[in-house]
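S.K.:
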Amino acid sequence: MKTKITSGFWHDRLEVNAQRAIFHQWEQLEKSGCIENFRIAAGDVDGFREGWFFADSDAYKWLDAASRIYTSFPTPELAIVMDEFIMLVERAQRPDGYLFTYNQIHFPNDRWKNLQIEHELYCHGHLIEAGVSHYEATARTDMLAIARCAADRIVEDFLGKGTDHTPGHEEIEIALLRLCKVTDHQPYLEMARQFIEQRGHNPLFALSLIRQNSSVGQRRNFIKQKKQEYLSAHPEFKPFHLPPDNASKQPRYSRLRWQVNALSGKYFQQHAPIRKQTVPVGHSVRFAYLETAVAMLARENGDQTLVHALEQVWESMVTRRMYVTGGIGSVPGSEGFGNDYELDPEYAYAETCAALGSMFWNWEMAQLTSEAKYSDLFEWQLYNAAAVGMGLDGTSYLYNNPLTCRGGVTRKQWYSVPCCPSNLSRTWADLGKYIYSSNQNEIFIHQYISSETVIDVGIPVNIKVESELPWNGRVVIHVDPFEKKKIKLHLRIPSWSPKSMVNMYAPVEEKMLENNTEEHFSHSVSMAEIHNSFEQLPKLTASGYNPQISWFACVDRTWSTGDALEFDFDMSIQVRRTYPKVKGHKGKVTVTRGPLVYCLESVDNPDVDIFNAVIDTKSLDSAFDARLLGGVVKIIGQTKTGQPLTFIPYHLWGNRGESTMTVWVNK
Ligand code: FUB
Ligand code: ZN
14 MKTKITSGFW HDRLEVNAQR AIFHQWEQLE KSGCIENFRI AAGDVDGFRE
64 GWFFADSDAY KWLDAASRIY TSFPTPELAI VMDEFIMLVE RAQRPDGYLF
114 TYNQIHFPND RWKNLQIEHE LYCHGHLIEA GVSHYEATAR TDMLAIARCA
164 ADRIVEDFLG KGTDHTPGHE EIEIALLRLC KVTDHQPYLE MARQFIEQRG
214 HNPLFALSLI RQNSSVGQRR NFIKQKKQEY LSAHPEFKPF HLPPDNASKQ
264 PRYSRLRWQV NALSGKYFQQ HAPIRKQTVP VGHSVRFAYL ETAVAMLARE
314 NGDQTLVHAL EQVWESMVTR RMYVTGGIGS VPGSEGFGND YELDPEYAYA
364 ETCAALGSMF WNWEMAQLTS EAKYSDLFEW QLYNAAAVGM GLDGTSYLYN
414 NPLTCRGGVT RKQWYSVPCC PSNLSRTWAD LGKYIYSSNQ NEIFIHQYIS
464 SETVIDVGIP VNIKVESELP WNGRVVIHVD PFEKKKIKLH LRIPSWSPKS
514 MVNMYAPVEE KMLENNTEEH FSHSVSMAEI HNSFEQLPKL TASGYNPQIS
564 WFACVDRTWS TGDALEFDFD MSIQVRRTYP KVKGHKGKVT VTRGPLVYCL
614 ESVDNPDVDI FNAVIDTKSL DSAFDARLLG GVVKIIGQTK TGQPLTFIPY
664 HLWGNRGEST MTVWVNK
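Position one of the sequence shown corresponds to residue 14 (our numbering), numbered consecutively onward.
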């Protein structure tokens, strides 16, 4: 049974996703000509192709999201749009499985050119993922057949080829691994493995990139020429124009750094073989997708050398190259990583897709290792670096997500590169799959999101979570086995609930235990070990948020119908500081509560200079405000000079018109 999100914070957001966001995105894909490109490629209409060479991927990601939404919100309106698009894709796909409207319309005899830059494999990857998601949602095989035809084309054209036959922007690897899981067709796994293993082995990468870049430029000039001719022959054609994208404050030499990053191969994670990639570099979405694929592969083949590299690069990212929101990417020019501790809040690029990619990766790591820190980071990025990407209305988005903004960043209906909206929608739609996992007689609860599911641990066990997060710390977990059953129930103790290190659970219902003693709650490690490990852990990460102090408490007992476990997580306000090596943060702190990072937004503090005010941390208190932003717990306090302050959750900034904002405040 698929997990059902039953109520509360996330249920409301998933409704907005299903009833508004997904239809808004389709409308924008039509308006921007993205869907029309398929009609042109299929020969249904004449016209001129609009958008980037990778524009097809945005339509496929929409279908992926729509399919996942359809599982929980099977509306006929959505089904009609999906079916119409699937039939269109089928007409546009070449008989041999190839589908890339950029080439099919502009360069009909070209394919697999400029692999590092023009995203052909990336687009086929999202096509394949859409096919898998549609099959998983409907059990229909029409879109899956289109996906398999494309995947077979790629296996035919790439399996066994050399190291220059690798994709630029990772994605195809994830798609092929997902496709192998639903088809059990091993060549897909072997193809994904080859793409991963061959990265970083091309000694002539820089030369190849220069050549490809020149070819890309020539092809774009050719298209520009063709467009001029088309416009003069079709004065009625109205090209689609979007408002300018958001500004992103650039550090010095940003463009030069990006060029060096690209030529070195780091931008594409092509600078070293995968097992030697132990520091996060380059474009942060590309990086997160690669690491996700590597973790998926390690789960399939049990290759511990891959796991070792994954653990090292994760630790490097979390302790030295990640923002306190969980955002990754601090150099706008490359949409990617900077150096250790280079985490300027105004330069923060922290693309929404990068947070989502990191969440996909952490979910794979959680299943690979059963370590709580990965689910803790998943939760932290979910509520902060990812959730900030979608406005409360479901129809306005942020692409780059600064932690300090002095203006120029507003939520937009669409972008010239609209990769984030449908990426958010497909992740929200799938949220249920990230809550529970199980094996033999063990059940893991990774996330405290109100939900219900049935898990088979030899017998079916109905599990129901009732959670008041992120506003309150009360969580009740109902464990209803079909019959009495000894089960190890692993419960993630969040890093943000420090007191949970001590009294990790409230007294449980008397009816459940003869006597309410700790002996029934065997820890996955002893309390002493917990405290010791807590002491040993690097207390201070670059950002001040440290998922490594999260752990799984194990409740190992015989459960009976009607049993319940109750948590009361500590929701005290926490004032966090960065590691001293992070430049520009001296004397600055971030305010967090539960899994939420808070910020000061000018809308709530019109008379305060939020960038220079000094807060009185002792004055901070939390209060629920039903009238604010759909009902939130705000944090109120005052400056050292007595000016009132209101903090809101960071993910909700920018919902009330242009504003200024800061996560980091003076203490
Ligand atoms: O290049 C494809 C996608 O578009 C990347 O993942 C995003 O960063 C955006 O550039
Ligand atoms: Zn994006």
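Where a beta carbon is used, it is the ideal one built from N, C-alpha and C, also for glycine.
Only a predicted model underlies this, so the values are computations on that prediction, with no experimental measurement involved.
Short check: CB of Ile-209 to CB of Ala-306, under 7 Å?
M.R.: In the sequence shown, counting from the first residue as 1, residue 209 sits at position 196. In the sequence shown, counting from the first residue as 1, residue 306 sits at position 293. Going by C-beta atoms, Ile-209 is nearer than 7 Å to Ala-306.
S.K.: Whole-angstrom Cβ separation of Leu-42 and Trp-65, contact assumed at under 8 Å?
M.R.: For the purposes of this step, residue 42 is identified with residue 29 of the sequence shown, where counting begins at 1. For the purposes of this step, residue 65 is identified with residue 52 of the sequence shown, where counting begins at 1. So it is not a contact: roughly 13 Å between Cβ atoms.
S.K.: Reducing DSSP to helix, strand and coil, say where Glu-614 ends up.
M.R.: The residue given as residue 614 occupies position 601 in the sequence shown. It is a strand residue.
S.K.: Could you give the first and the last residue of the continuous alpha helix (DSSP H) run that contains Ala-399?
M.R.: Position 386 of the sequence shown holds residue 399. Neither: Ala-399 is in no alpha helix (DSSP H) and is coded neither H nor E.
S.K.: Kindly indicate which residue of His-37, Leu-578, Arg-606 has the alpha-carbon position closest to the one of Ile-586.
M.R.: Here residue 586 refers to the residue found at position 573 when the sequence shown is read from its first residue. Of His-37, Leu-578, Arg-606, the residue nearest in Cα terms is Arg-606.
S.K.: Have a look at Arg-419, Asn-452, Thr-423, Tyr-412 and flag the residue whose alpha-carbon is nearest the alpha-carbon of Ser-435.
M.R.: Locating residue 435 in the sequence shown gives position 422, counting from the first residue. Taking only the C-alpha atoms, the option nearest Ser-435 is Tyr-412.
S.K.: According to the neighbour-count rule (16 or more other Cβ atoms, all chains shown, within 10 Å of its Cβ), is Ile-462 buried or exposed?
M.R.: Here residue 462 refers to the residue found at position 449 of the sequence shown. By the 10 Å Cβ count, Ile-462 comes out buried.
S.K.: What's the gap between the Cα of Gln-32 and the Cα of Ala-78?
M.R.: Looking up residue 32 in the sequence shown gives position 19. Looking up residue 78 in the sequence shown gives position 65. In a straight line, the C-alpha of Gln-32 is about 13 Å away from that of Ala-78.
S.K.: Do you know whose CA, among Glu-465, Phe-637, Trp-666, Asp-620, lies nearest Ser-85's CA?
M.R.: For the purposes of this step, residue 85 is identified with residue 72 of the sequence shown, where counting begins at 1. For the residues Glu-465, Phe-637, Trp-666, Asp-620, the minimum Cα distance to Ser-85 belongs to Glu-465.
S.K.: Can you tell me which of Val-595, Glu-479, Gln-380, Glu-455 puts its alpha carbon nearest to the alpha carbon of Trp-572?
M.R.: Here residue 572 corresponds to residue number 559 of the sequence shown, with the count starting at 1. Of the listed residues, the one whose Cα sits closest to Trp-572 is Glu-455.
S.K.: If you measure from the CB of Glu-481, is any heavy atom of ligand 1 nearer than 6 Å?
M.R.: Locating residue 481 in the sequence shown gives position 468, where the first residue counts as 1. Checking the Cβ of Glu-481 against ligand 1 gives no.
S.K.: Would you kindly report the start and end of the unbroken beta strand (DSSP E) that includes Ser-464?
M.R.: Translated into the one-based positions of the sequence shown, residue 464 becomes position 451. Ser-464 -> beta strand (DSSP E) spans 464-469.
S.K.: Classify Ser-556: buried if its beta carbon has 16 or more other beta carbons within 10 angstroms, exposed otherwise.
M.R.: If you number the sequence shown from 1, residue 556 lands on position 543. Burial call: buried.
S.K.: Between which residues of its own chain and Cys-432 is the CB-CB distance below 6 Å, once the five residues before and five after are set aside?
M.R.: Position 419 of the sequence shown, counted from the start, is the residue given in the question as residue 432. Here the set comprises Cys-366.
S.K.: Determine the burial state of Thr-440: buried for a count of at least 16 other Cβ atoms within 10 Å of its Cβ, exposed for fewer.
M.R.: In the sequence shown, counting from the first residue as 1, residue 440 sits at position 427. Buried, by the Cβ-count rule.
S.K.: Checking 7 Å against the spacing of the C-beta atoms, do Gly-486 and Met-584 come in under that value?
M.R.: Locating residue 486 in the sequence shown gives position 473, counting from the first residue. Locating residue 584 in the sequence shown gives position 571, counting from the first residue. Result yes, Cβ atoms of Gly-486 and Met-584 sit closer than 7 Å.
S.K.: Given 8 Å as the limit, is there contact between the region 181-191 and the region 128-137, that is, 3 or more CB pairs closer than that?
M.R.: Taking 8 Å as the limit for Cβ pairs, the verdict is that the region 128-137 does touch the region 181-191.
S.K.: Using the beta-carbon count (16 or more within 10 Å), is His-254 buried or exposed?
M.R.: Here residue 254 is taken as the residue at index 241 of the sequence shown, counted from 1. Exposed, since its Cβ has fewer than 16 Cβ neighbours within 10 Å.
S.K.: Is Glu-348 near ligand 2, judged by its Cβ being under 6 Å from some heavy atom?
M.R.: In the sequence shown, residue 348 corresponds to position 335, counting from 1. Result no, Cβ not under 6 Å from ligand 2.
S.K.: For Ala-152, does the count of other Cβ atoms within 10 angstroms reach 16, so buried, or fall short, so exposed?
M.R.: Numbered from its first residue, the sequence shown carries residue 152 at position 139. The residue is exposed, with fewer than 16 neighbouring Cβ atoms inside 10 Å.
S.K.: Confirm the yes/no value for this check: CB of Cys-136, any heavy atom of ligand 2, distance under 6 Å.
M.R.: Here residue 136 refers to the residue found at position 123 of the sequence shown. Every heavy atom of ligand 2 is 6 Å or more from the Cβ of Cys-136, so no.
S.K.: Any heavy atom of ligand 2 closer than 6 Å to the CB of Glu-364?
M.R.: The residue given as residue 364 occupies position 351 in the sequence shown. The answer is yes for Glu-364.
S.K.: Near Glu-186, what residues of its chain come up, given a Cβ to Cβ distance below 6 Å and the 5 sequence neighbours on each side ignored?
M.R.: Counted from its first residue, the sequence shown places residue 186 at position 173. Result list for Glu-186: Ala-205, Phe-208, Ile-209, Ala-306, in chain order.
S.K.: Who are the Cβ neighbours of Gly-173 in its own chain at under 6 Å, not counting the five residues just before and after it?
M.R.: For the purposes of this step, residue 173 is taken as the residue at position 160 of the sequence shown. Answer for Gly-173: no residue qualifies.
S.K.: Given a cut-off of 7 Å, decide if Val-229 and Ile-159 are closer than it, judged by their beta-carbon atoms.
M.R.: For the purposes of this step, residue 159 is identified with residue 146 of the sequence shown, where counting begins at 1. For the purposes of this step, residue 229 is identified with residue 216 of the sequence shown, where counting begins at 1. Cβ atoms of Ile-159 and Val-229: not closer than 7 Å.
S.K.: Should Thr-654 be labelled buried (16 or more other beta-carbon atoms within 10 Å of its own) or exposed?
M.R.: Counting from 1 along the sequence shown, the entry for residue 654 is found at position 641. Burial call: exposed.
S.K.: Hey, would you say the C-beta of Cys-47 is under 6 Å away from at least one heavy atom of ligand 4?
M.R.: Ligands displayed in this structure: ligand 1 and ligand 2; ligand 4 is not among them.
S.K.: Quick check: Ala-636 and Ile-623, are their CB atoms within less than 7 Å of each other?
M.R.: As a position in the sequence shown, residue 636 is number 623, starting the count at 1. As a position in the sequence shown, residue 623 is number 610, starting the count at 1. For Ala-636 and Ile-623, no; Cβs fall outside 7 Å.
S.K.: Please go through the same chain and pick out, in chain order, the residues whose beta-carbon is closer than 6 Å to the beta-carbon of Val-29, but skip the five residues on each side of it.
M.R.: The residue given as residue 29 occupies position 16 in the sequence shown. Here the set comprises Gly-407.
S.K.: Mind pulling the alpha helix (DSSP H) runs of 4 or more residues that sit fully within the region 50-123?
M.R.: The region 50-123 contains these whole alpha helix (DSSP H) runs: 68-85, 89-105, 114-119.
S.K.: Going by beta carbon distance, what residues of the same chain come within less than 8 Å of Leu-550, once the five residues before and after it are set aside?
M.R.: The count along the sequence shown starts at 1 and reaches residue 550 at position 537. Per-residue confidence for Leu-550 stands at a pLDDT of 49, beneath the threshold of 50, marking its modelled position as unreliable; no derived number is given.
S.K.: Measuring CB to CB, does Gly-110 end up less than 7 Å from Cys-193?
M.R.: As a first step, residue 110 must be located in the sequence shown, where it is residue number 97. As a first step, residue 193 must be located in the sequence shown, where it is residue number 180. No, the pair does not count as a contact, with Cβ atoms beyond the cut-off.
S.K.: How long is the line joining the alpha carbons of His-247 and Asn-215, rounded to whole angstroms?
M.R.: In the sequence shown, the residue the question calls residue 247 occupies position 234. In the sequence shown, the residue the question calls residue 215 occupies position 202. His-247 and Asn-215: Cα-Cα distance of roughly 45 Å.
S.K.: Cα separation between Asn-529 and Phe-457?
M.R.: Counting from 1 along the sequence shown, the entry for residue 529 is found at position 516. Counting from 1 along the sequence shown, the entry for residue 457 is found at position 444. Any reading at Asn-529 is ruled out, since the residue's pLDDT is 34, under 50, leaving its predicted position unreliable.
S.K.: Which value, in whole angstroms, describes the spacing of the CA atoms of Glu-355 and Tyr-387?
M.R.: To locate residue 355, count along the sequence shown from 1; it is residue 342. To locate residue 387, count along the sequence shown from 1; it is residue 374. Taking the straight line from one Cα to the other gives about 23 Å.
S.K.: In chain order, what residues of the same chain lie with their CB nearer than 7 Å to the CB of Pro-662, ignoring the 5 residues before and after it?
M.R.: As a first step, residue 662 is located in the sequence shown; it is residue number 649 there, counting from the start. Correct list, in chain order: Leu-609, Tyr-611, Val-645.
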